[in-house]
Amino acid sequence: MSGSSGALSPKVKVGSLHGKVAIISGSTRGIGKACAVALAKQGCNVVVAAKTTTPQPTLPGTIYSVAEELEQLGVKALPVKVDMRSLDDIQECVRQTVDKFGRIDILVNNASALWWQRIEDTPMNKYDLITQINSRGSFALTHLCLPVMAKNKFGRVINMSPPLQTDFRALSSWVLVYKGFTAYNISKFGMTMSALGAAAEYEGQGITGNSLWPATVIESQASKNFELGGREMWRKAQILSDCVLGIVCGPDSFTGHQLIDDEYLQQEHNLSAEDLAVYRCVPDVEPPRALASHGHMGATGDATVRRGDVRKLNTDVKGSSALSKL
Numbered sequence: 001m002s003g004s005s006g007a008l009s010p011k012v013k014v015g016s017l018h019g020k021v022a023i024i025s026g027s028t029r030g031i032g033k034a035c036a037v038a039l040a041k042q043g044c045n046v047v048v049a050a051k052t053t054t055p056q057p058t059l060p061g062t063i064y065s066v067a068e069e070l071e072q073l074g075v076k077a078l079p080v081k082v083d084m085r086s087l088d089d090i091q092e093c094v095r096q097t098v099d100k101f102g103r104i105d106i107l108v109n110n111a112s113a114l115w116w117q118r119i120e121d122t123p124m125n126k127y128d129l130i131t132q133i134n135s136r137g138s139f140a141l142t143h144l145c146l147p148v149m150a151k152n153k154f155g156r157v158i159n160m161s162p163p164l165q166t167d168f169r170a171l172s173s174w175v176l177v178y179k180g181f182t183a184y185n186i187s188k189f190g191m192t193m194s195a196l197g198a199a200a201e202y203e204g205q206g207i208t209g210n211s212l213w214p215a216t217v218i219e220s221q222a223s224k225n226f227e228l229g230g231r232e233m234w235r236k237a238q239i240l241s242d243c244v245l246g247i248v249c250g251p252d253s254f255t256g257h258q259l260i261d262d263e264y265l266q267q268e269h270n271l272s273a274e275d276l277a278v279y280r281c282v283p284d285v286e287p288p289r290a291l292a293s294h295g296h297m298g299a300t301g302d303a304t305v306r307r308g309d310v311r312k313l314n315t316d317v318k319g320s321s322a323l324s325k326l
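At position 273 of the sequence shown the residue is numbered 273 (full-length UniProt numbering), and the sequence of numbers has no breaks.
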């Protein structure tokens, strides 16, 4: 396999995905859309599974506009309105996919709800919301896709979620996502468990399961809407889509991993630190590895960022300290 137009870095080893079918949740913008475009450039048909059907000022892109953009790349695209809280929507998405394509080869569980608050500041309705979307929604979609993948003896499940942590001190010392954000951690670790479960239960059947997480804040509508620093603190979403291409095109034996994006690219595709510069949003500034675990070179100190309802952003920003310390 060799580098191709779907990957931003020419070093990422990818191959043709002609005839394959991917479902990507939350694919109308940001990371999900970057993955959709990258897979489409490799010849993969894509199901655009997301909630947005009409453009909004703070949420550009719809399932229809993205599907049209993908079809201009020469593949087939299926826009499906999916609220990840709705089992009916998820079931209908899988049904339409099988009806149209007759197969499912790739599942990227990307859709996610953000809630970065402490236990005492987390109402139960918010806990229910993020758990329904993150843990339950990704589990339900995985649950329905795996039997379809098994029929063709090929499948790739990739969940955008962090490595599991069992040491409570690690949870208190990670920057940004982890410090004290217990409800969010539960919901995201549940996604990781689904990926690992797919790996364990389908080992040797051509199906892999891996989780994938960024080391840095990624440029997206969420990073803009929640004011997660400036562009010099972000990497492009293509660092994750390059990882997805590498995993999808990788061997069946590459399974059961909890991956950090830049570490995966360095270890599996031989990218150097200099090669990673292609993913910077600001070309001459290396962003802090703020989402990497304690012990990695980005996690420093006791800083936190609080983010909940975007309508209460001003209040959250006043109570945050991490962005000024990174």
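Even glycine gets a Cβ: it sits at the ideal position worked out from N, Cα and C.
- Nearest Cα to R136 within the set R156, D83, E120, L164: D83.
- Apart from the 5 residues on each side of it in sequence, C44 sits with its Cβ closer than 6 Å to the Cβ of L17, K20, A22 in its chain, given in chain order.
- When the Cα atoms are used, K151 and A290 turn out to be separated by approximately 41 Å.
- The three-state reading of DSSP puts Q165 in coil, since its state is none of H, G, I, E or B.
- The Cβ-Cβ distance between S25 and A49 falls below 7 Å.
- Here G155 carries a strand assignment [DSSP, helix/strand/coil].
- Going by beta carbons, G30 and A277 fall outside the 7 Å limit.
- Annotation: N110 to I90 spans about 14 Å, alpha carbon to alpha carbon.
- Within the DSSP bridge table, the entry for K81 names A50 as partners.
- Where T208 is concerned, the enclosing beta strand (DSSP E) starts and stops at 207-213.
- Under the DSSP assignment, L259 falls outside any alpha helix (DSSP H), being part of the beta strand (DSSP E) whose first and last residues are 258-260.
- Exclusion of the five residues before and after K188 leaves N134, S161, P162 as the residues of its chain whose Cβ lies within less than 7 Å of its Cβ.
- As computed with DSSP, I106 is found in a beta bridge with A22, R156.
- For V14, the secondary structure class from DSSP, reduced to helix, strand or coil, is strand.
- Here the alpha carbon of A199 sits roughly 10 Å from the alpha carbon of G155.
- Check the Cα spacing between R231 and each of Y202, R280, Y264: the tightest is with R280.
- For C93, the enclosing alpha helix (DSSP H) stretches over residues 87-101.
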